[in-house]
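Structure, as C-alpha cells:
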Amino acid sequence: GRPTRTSRAVARIPRVSGGGTHRAGQAAFGNMCRKGRMFAPTKTWRRWHRKTNKNQRRFAVASAIAASALPALLMARGHHISKVPEVPLVVSDDLEKLTKTKQAVLALKKLHALTDVLRVKRSKKLRAGQGKMRNRRHVQRRGPLIVYAHDKGLSRAFRNIPGVELCSVHTLNLLKLAPGGHLGRFIIWTRSAFAALNKTFGTFRRKAVYKHGYTLPRPLIHNSDLARLINSDEIQAVLSKAGPKKTRRATRKKNPLKNLGVLLKLNPYALTLRRKEILRSNAGKKKNAMSPADRKKRISEAKLKDIHDHKLKRAKASAAYYKNVLNFC
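The opening residue of the sequence shown carries number 143 in the working numbering; numbering runs sequentially from there.
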C-alpha cells in the first residue's frame, strides 16, 4: 500500500513501506519526490497533427511554386543564383537518366548551381541546444530542389550531395518547396516535370486533371510592379500633393503648482501675487544684510532719547526695589 504517516510531523506524501533499509520510509510516487514520477507525463498518443483544408494546402503549394520563379525571393532566402542562366531553371529530361554522383556534380557545375551546393557544405555546424543529444546533432542550409517526372536513376545520383533534395512533380511537398514557411526555394525542373504542372494544377482557362476540379487562384493585381504603377504619370497626375504632416500628440497634464504658465491660465492674478512675494523677500534680504552700525543710523535721535530714558527709569526702579528688599530683611 501507500501509507501516509499523519500526526508524525512529516509531510502527507506516500512512503515506501517496509524496513531494514534507508529506502524504507522515504517519500515516493510524487512529482516532487526522488525516484518519483513527473507531473503530467507526455504521452505518445498526443495530438501531433492538425487538419488543414485541402484547398488551403493546394493554395500554399501553388504559391510556393510561383514564388520559386522570382529571383529576388530566391536570393532573399540565401540561394547563390547570380550565375544561373534563368529562373525558373528548366533542363532536359536527360537529367533523369543520371545514375552516378560524379555525373550529377558535373551537371550542377554546368548549370552554375554548384556554388549553392558549396554554400550548403560550408554551413554545416553543430546544433545549439539539447537537440545534439536527440539525433539532430548537425544543422545546415538548404540547397537546390530537383523536381522530376520519372526517376530513372536520378535519386541515386543526387541523394549523397549535401543540401540537394529531390521530389516528384506528382507528389510535391510543401515542406520542401518552402522550408520553414519561407518562400523562394531554388528549384531545378526537368522538362517533363515542368510540362506536367499544367495537368497537375491546371491553367486559368482549364481545370486541373490530376487534382480533380481544382482551379488556380487568380491574381489580385495584373501588374505586380507597384512602384512603377504609383510613379506613373497617369496616377501622379490625379493624386494631390502631399501636405505637411499633422501629428496630434497626446495632451500632457502639467502641474500648475510647478508650472507657472499653466498656473496663469487658471489664475491670472497669480503673477501679481508672485511679484509681491518676490519684492517682500528682496526687502527682507536687504534688511538682514545691513550691519548694526547702519541700523543705528537709521533710528532717529528722538527714538534714541526715548530708549535711553526708558532704560534709566528701569534702572532707578530696580535700585529702589533692591533697597526696599534690604530694609525689609
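From the three backbone atoms N, C-alpha and C, an ideal C-beta is built for every residue, glycine too.
Contact check between the region 320–337 and the region 261–277: fewer than three CB pairs, one atom from each, fall below 8 Å, which does not count as touching. Just so you know, the alpha carbons of Lys341 and Tyr352 end up roughly 6 Å apart.
The beta-carbon distance between Pro359 and Phe201, rounded to whole angstroms, is 6 Å. This is short enough to meet the 8 Å contact definition.
With fewer than 16 neighbouring CB atoms inside 10 Å of its own CB, Phe346 falls in the exposed class.
Contact check for His222 against Asp258 passes: the beta carbons are separated by less than 7 Å. Taking the Cα positions, Leu317 is about 16 Å away from Gln282. Only exposed fits Trp190, as fewer than 16 other CB atoms lie within 10 angstroms of its CB. The DSSP-derived three-state label of Arg278 is coil. Residue pairing from DSSP places Glu307 in a beta bridge opposite Leu287.
For the pair of segments examined, the region 226–241 was found to touch the region 329–340: the number of CB pairs separated by less than 8 Å reaches three. Judged by DSSP in its simplified three-state form, Ile363 adopts coil rather than helix or strand.
Rounded to whole angstroms, the gap between the alpha carbons of Ala153 and Arg165 is 16 Å. Ranked by Cα distance from Arg301, the options Asn277, Ala246, Pro321 are led by Ala246. Beta-bridge partners of Leu268 (DSSP): His280. If you draw a 10 Å sphere on the C-beta of Ile207, you find 16 or more other C-beta atoms in it, and that means buried. Judged by their CB atoms, Ala211 and Phe343 are not nearer to each other than the 7 Å cut-off.
When the Cα atoms are used, Arg276 and Ala170 turn out to be separated by approximately 29 Å.
Taking C-beta atoms under 8 Å as the contact rule, Arg176 and Gly167 fail to qualify, at a distance of about 13 Å. Where Ile372 is concerned, the enclosing alpha helix (DSSP H) starts and stops at 368–372. A direct Cα-Cα distance of roughly 28 Å separates Ile377 from Leu215.
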